[in-house]
Amino acid sequence: MKRIVFTAALFSLFIASCDYVANPKEDYIPAPEPEDTLIRKVLLEDYTGHQCGPCPAAGAQAVSLKNTYGERLITIGVHAGFLADPLPPNYPANYHTTAGDAYFTFFGITTTPKGMVNRRNYPTNGHNLSWGAWSSAIGNVINTPPVANIEITHTYNTGTRQLNLSTSTRAISPLSGNYYVVALITEDSIISPQNDASQNPSYVPNYVHRHVLRGSVPDAAYWGYQILNGTAAAGDTLNYTFPAFTLPSAWNDAKCHIVVYVYDNNSSSATYKEIIQAEEVRLR
Amino acid sequence: MVRRKIALITASFLLYHSSSAQNNTNPLGEIHGNFEINAQYYNEDTLIGAPPVPEKMLSNAYSNVIYTRGAFTAGIRYESYLNVMQGFDPGYKGAGIAYRFASYTVENLEITVGNYYEQFGSGLVLRAYEEKGLGFDNCFDGVRLKMNPYRGVYLKALVGQQRIYFSKAGLVRGFDGEINFNEFFTGLSEAKTGFILGGSFVSKFQTDDDPALVLPQNVGAWAARFNITRGNFSLYGEYAYKINDPSYDNGYIYKYGDAMLLQANYSKKGLGISLAAKRIDNMSYKSDRDMSGNVLTINYNPVLTKQHTYTTLAMYPYNSQNVGEFCYQADFLYKFRKETPLGGKYGTDVALNFSSAHSLDTTNLNDDTLAMKGYTSDYMKIGDKLYFQDVNIEINKKFSPKLKMTLIYAYQVYNIDILRGKPGYEDIQSHIIVVDVTRKLKDDASIRFQAEHLATQQHNETGDASFAAGLVEWTISEHWFIAAQDVYSYANINPEKSVHYWNATVGYLKGTNRIVLGYGKQRAGIFCVGGVCRYVPASNGITLTVSSSF
Numbered sequence: 112m113k114r115i116v117f118t119a120a121l122f123s124l125f126i127a128s129c130d131y132v133a134n135p136k137e138d139y140i141p142a143p144e145p146e147d148t149l150i151r152k153v154l155l156e157d158y159t160g161h162q163c164g165p166c167p168a169a170g171a172q173a174v175s176l177k178n179t180y181g182e183r184l185i186t187i188g189v190h191a192g193f194l195a196d197p198l199p200p201n202y203p204a205n206y207h208t209t210a211g212d213a214y215f216t217f218f219g220i221t222t223t224p225k226g227m228v229n230r231r232n233y234p235t236n237g238h239n240l241s242w243g244a245w246s247s248a249i250g251n252v253i254n255t256p257p258v259a260n261i262e263i264t265h266t267y268n269t270g271t272r273q274l275n276l277s278t279s280t281r282a283i284s285p286l287s288g289n290y291y292v293v294a295l296i297t298e299d300s301i302i303s304p305q306n307d308a309s310q311n312p313s314y315v316p317n318y319v320h321r322h323v324l325r326g327s328v329p330d331a332a333y334w335g336y337q338i339l340n341g342t343a344a345a346g347d348t349l350n351y352t353f354p355a356f357t358l359p360s361a362w363n364d365a366k367c368h369i370v371v372y373v374y375d376n377n378s379s380s381a382t383y384k385e386i387i388q389a390e391e392v393r394l395r
Numbered sequence: 009m010v011r012r013k014i015a016l017i018t019a020s021f022l023l024y025h026s027s028s029a030q031n032n033t034n035p036l037g038e039i040h041g042n043f044e045i046n047a048q049y050y051n052e053d054t055l056i057g058a059p060p061v062p063e064k065m066l067s068n069a070y071s072n073v074i075y076t077r078g079a080f081t082a083g084i085r086y087e088s089y090l091n092v093m094q095g096f097d098p099g100y101k102g103a104g105i106a107y108r109f110a111s112y113t114v115e116n117l118e119i120t121v122g123n124y125y126e127q128f129g130s131g132l133v134l135r136a137y138e139e140k141g142l143g144f145d146n147c148f149d150g151v152r153l154k155m156n157p158y159r160g161v162y163l164k165a166l167v168g169q170q171r172i173y174f175s176k177a178g179l180v181r182g183f184d185g186e187i188n189f190n191e192f193f194t195g196l197s198e199a200k201t202g203f204i205l206g207g208s209f210v211s212k213f214q215t216d217d218d219p220a221l222v223l224p225q226n227v228g229a230w231a232a233r234f235n236i237t238r239g240n241f242s243l244y245g246e247y248a249y250k251i252n253d254p255s256y257d258n259g260y261i262y263k264y265g266d267a268m269l270l271q272a273n274y275s276k277k278g279l280g281i282s283l284a285a286k287r288i289d290n291m292s293y294k295s296d297r298d299m300s301g302n303v304l305t306i307n308y309n310p311v312l313t314k315q316h317t318y319t320t321l322a323m324y325p326y327n328s329q330n331v332g333e334f335c336y337q338a339d340f341l342y343k344f345r346k347e348t349p350l351g352g353k354y355g356t357d358v359a360l361n362f363s364s365a366h367s368l369d370t371t372n373l374n375d376d377t378l379a380m381k382g383y384t385s386d387y388m389k390i391g392d393k394l395y396f397q398d399v400n401i402e403i404n405k406k407f408s409p410k411l412k413m414t415l416i417y418a419y420q421v422y423n424i425d426i427l428r429g430k431p432g433y434e435d436i437q438s439h440i441i442v443v444d445v446t447r448k449l450k451d452d453a454s455i456r457f458q459a460e461h462l463a464t465q466q467h468n469e470t471g472d473a474s475f476a477a478g479l480v481e482w483t484i485s486e487h488w489f490i491a492a493q494d495v496y497s498y499a500n501i502n503p504e505k506s507v508h509y510w511n512a513t514v515g516y517l518k519g520t521n522r523i524v525l526g527y528g529k530q531r532a533g534i535f536c537v538g539g540v541c542r543y544v545p546a547s548n549g550i551t552l553t554v555s556s557s558f
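Here the protein sequences line up with chains A and B, keeping their order. Numbering (the numbering used here) for the first sequence: 112 to 395. Numbering (the numbering used here) for the second sequence: 9 to 558.
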């Protein structure tokens, strides 16, 4: 019998405790925004689809995080994958975009809902995040000092729907390598059906789709334009003027935003494809 | 089906070599191994939705090499996915030693270091296994001890990380104990009633780096089980409980999870009856809370539906719902004896099977700003959603020493919204008939004809509705076979997509070597083993399988 007791005691050393959680929410107050206007702005891409039942929960998390971080966090809903396909008569809308489909494939998202925070940790598979991991991923980067600042200058003609856009990226600390700038258009609060697994019935005909990616400027330039191939000293400014772009008539321009981001496009860099800074302004 | 067989052979091979470790007699020890490669050359086929494959040819291969000497066993498995075949998780891309271990037994203690597979009870809180056909492998890498300290007492303890592709992640600790009362108490060794009690505890660790939530870093799960046998009767029951475990799979809620499994069997010559039921509630348990899909899974959800192998019967298979399900199954096997009106000259086997899977009866708490428990569920009620149902009868009849036949009828209901995540479709209700006739030609030659039909009024996400299928397989000799199969989707809502998915294969077998070459089309679908499934994309091309062992 002693042997049994001894063995049980020995084996019980392997047993770890259980962490019961009664109050999941921490009294979390994000660090106050720096008074300096040069702040890091983080891009959260929420890969979603209107046929995807678990996606609204991820969308709600994106909204919650946006409410927490305000203008320091830019969220876009990227409708991609087969669950974003139109399926009339219940899901007739088509929010696929050339840019979104390309990102979905390139970054190996494969299922929805998933997301990327500044596209960090590509390609080690740490970039493709479940929505429960977004909060910590944002927390890891949002309080780090920015290395660049983006200023967006644009004009928009509501009659012709033409957008003229230029960006000025200023290095806050020295930059070295190959950097690209990308401009996207998002449209907020589009109402159309969504499958929502948390509802019964799951079919929600008047779902509000937030910050839907509509496309890049222009459509084929989803990987953007090179603004630096070499080095830039702190304070150097890297300007780019985008080709004139006409918004398709189906987009509600009153609810559109321009999202611009700059990323490292040096394939041998440890931060390949990582977004170093982002900016967002209303279209009109 | 071929892949399942090969996986079973591999598993048997590994088991045989680990169990025979103490029996081999060669003083230098023995080395055994096996090998398999599956390769496919892909053609683009827009009609069936087979995408272009940039590499043109993809392959999955592996080889086990195991050394045994006395009580010592060590082995490796080399795997290569260059590049990963379509339908398997692309994360496997690459090649390397995916599994290596060393194990020895001294007295009553077995020690294993490196990789190992393990199962506690029916697996409700822990099961590590591999299934090559699914691309599933959640083996541990760490240390495992097995001990038999006293007659009838069996203990296991383990600590390890879990395999993810060619890497490892997580941290799992586990302990399992079992007592066989008939062995433990000498006075019960001759008792008519056998009684075994068992219990497990498993804990996983993952850091909490979420600034806004308190995530449990140590998530424990325990289970208790019993097994009673008496004569032809046996009864098995297991209950498992898991503490709060917010995860991607459960929508990051803090509700506990639990599972109940009950199985009763009765068998005697010519008769077998099996009844089983289970209730699974929030039991997805992974080493990484943020992972989705078939990776880093710690536990297993035993499947309670019949595992079909015929094409049309397996077209809409049930995949277990770890987030919540209520399932039950009844099996009835009967053999009409020889020389009776229904038994005829050789006897007739009849198998009746009924299985049904339903949602749980849940009430949303809408407490996502407070305790975040998500929902409550009623133990006494079954939910209103039917996930799956299968009623089938199988008759096996031998007419003469050279002629035998299998006849199957099944009625299946498949909830395409839940089981494939594709909303907006009606449940597929199908009537399926299979006739399989084998005629022996010589001692080592036979010919098999198979005809199948699946009739349904509903269509799936690719527009397919009813199917007809046929197979002819000619075993020419013990070394050669050829086969041709056609699966015809003749009622697609888009007439252009009413396609013949035909396949032709030729196989050569000699000793333990087996080479099978095929050409044809594969329709998109779901392939499941034991309730775990993967999506199989459409493909068109040449397939090659080579397997061997020594």
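Glycine is no exception: its CB is placed at the ideal position from the N, C-alpha and C atoms. None of these values were measured; they are calculated from a predicted model.
Going by C-alpha positions, Asp-253 (chain B) is about 6 angstroms away from Tyr-262 (chain B). Contact of Asp-53 (chain B) with chain A is not assigned, every C-beta pair being separated by 8 angstroms or more. For the 8 angstroms CB-CB criterion, Ile-220 (chain A) and Val-258 (chain A) do not form a contact.
Neighbours of Val-222 (chain B) across chain A, judged by C-beta separation under 8 angstroms: Val-132, Asn-134, Pro-135, Lys-136, Glu-137. By the Cβ criterion, the segment 165-173 of chain B is not in contact with the segment 260-275 of chain B, since fewer than three pairs of Cβ atoms, one from each stretch, lie closer than 8 angstroms. Listed by position along chain B, the residues whose Cβ is nearer than 8 angstroms to that of Pro-165 (chain A) are Gly-259. The beta carbons of Tyr-291 (chain A) and Val-373 (chain A) sit closer together than 8 angstroms. Interface flag for Val-61 (chain B) against chain A is unset, since no Cβ pair is found closer than 8 angstroms.
The secondary-structure analysis by DSSP pairs His-40 (chain B) across a beta bridge with B:Ile-74. Relative to Val-371 (chain A), the option among A:Gly-335, A:Leu-339, A:Ile-150 whose CA is nearest is A:Gly-335. In the structure shown, Ala-473 (chain B) adopts coil according to DSSP, grouped into three states. In summary, Ile-369 (chain A) is buried, with 16 or more beta-carbon neighbours lying within 10 Å of its beta-carbon over all protein chains present. In the structure shown, Phe-192 (chain B) adopts helical secondary structure according to DSSP, grouped into three states.
Per DSSP, the continuous alpha helix (DSSP H) segment holding Leu-176 (chain A) begins and ends at 166-180. Distance from Ile-436 (chain B) to Tyr-260 (chain B) at the Cβ level is roughly 32 angstroms; contact not present, criterion being Cβ atoms closer than 8 angstroms. In this structure, the beta-carbon distance from Asn-330 (chain B) to Ile-288 (chain B) falls below 8 angstroms.
At a cut-off of 8 angstroms, the C-beta of Lys-430 (chain B) has a neighbouring C-beta in chain A. Partner residues in the beta bridge of Ser-327 (chain A), as assigned by DSSP, are A:Leu-295.
Just measuring C-alpha positions, the residue of B:Trp-510, B:Ser-367, B:Ala-499 sitting nearest Phe-396 (chain B) is B:Ser-367.
In chain B, no part has a C-beta under 9 angstroms from the C-beta of Tyr-214 (chain A); the shortest such distance is about 16 angstroms.
In the three-state scheme derived from DSSP, where H, G and I count as helix and E and B as strand, Asn-251 (chain A) is classed as helix. In the same chain as Thr-356 (chain B), and ignoring 5 residues on each side of it, the C-beta atoms closer than 6 angstroms to its own belong to Phe-344, Leu-350, Lys-405, in chain order. Residues of chain A with a Cβ closer than 8 angstroms to the Cβ of Ile-501 (chain B) do not exist, since the nearest Cβ in that chain sits about 13 angstroms away.
A straight line joining the alpha-carbon of Gly-170 (chain A) with that of Gly-188 (chain A) spans about 8 angstroms. The continuous alpha helix (DSSP H) containing Ala-210 (chain A) extends over residues 209-217. Cβ atoms of Thr-264 (chain A) and Cys-367 (chain A) stay farther apart than 8 angstroms, at about 17 angstroms.
The beta carbon of Ile-441 (chain B) sits closer than 6 angstroms to those of Tyr-417, His-461, all from its chain and outside the five residues before and after it, given in chain order.
No Cβ of chain A is located within less than 8 angstroms of the beta carbon of Val-554 (chain B).
Taking C-beta atoms as the reference points, Pro-312 (chain A) and Tyr-202 (chain A) fail to come closer than 8 angstroms. Below the 7 angstroms Cβ cutoff, chain B contributes no neighbours of Tyr-158 (chain A), its closest Cβ being approximately 12 angstroms away. Between the segment 159-166 of chain B and the segment 181-198 of chain B there are three or more inter-stretch CB-CB distances shorter than 8 angstroms, so the stretches are counted as touching. Assignment of Gly-265 (chain B) by DSSP, reduced to helix, strand and coil, places it in the strand class. Per DSSP, the unbroken alpha helix (DSSP H) holding Ile-426 (chain B) starts and ends at 424-428.
In terms of CA proximity to Thr-342 (chain A), A:Asp-375 leads the group A:Val-323, A:Asp-375, A:Asn-254. Inside the segment 456-528 of chain B, DSSP marks whole beta strand (DSSP E) runs of 3 or more residues at positions 475-483, 488-497, 508-518, from first to last along the chain. Per the coordinates, the alpha-carbon of Leu-295 (chain A) lies some 51 angstroms from the alpha-carbon of Ser-363 (chain B).
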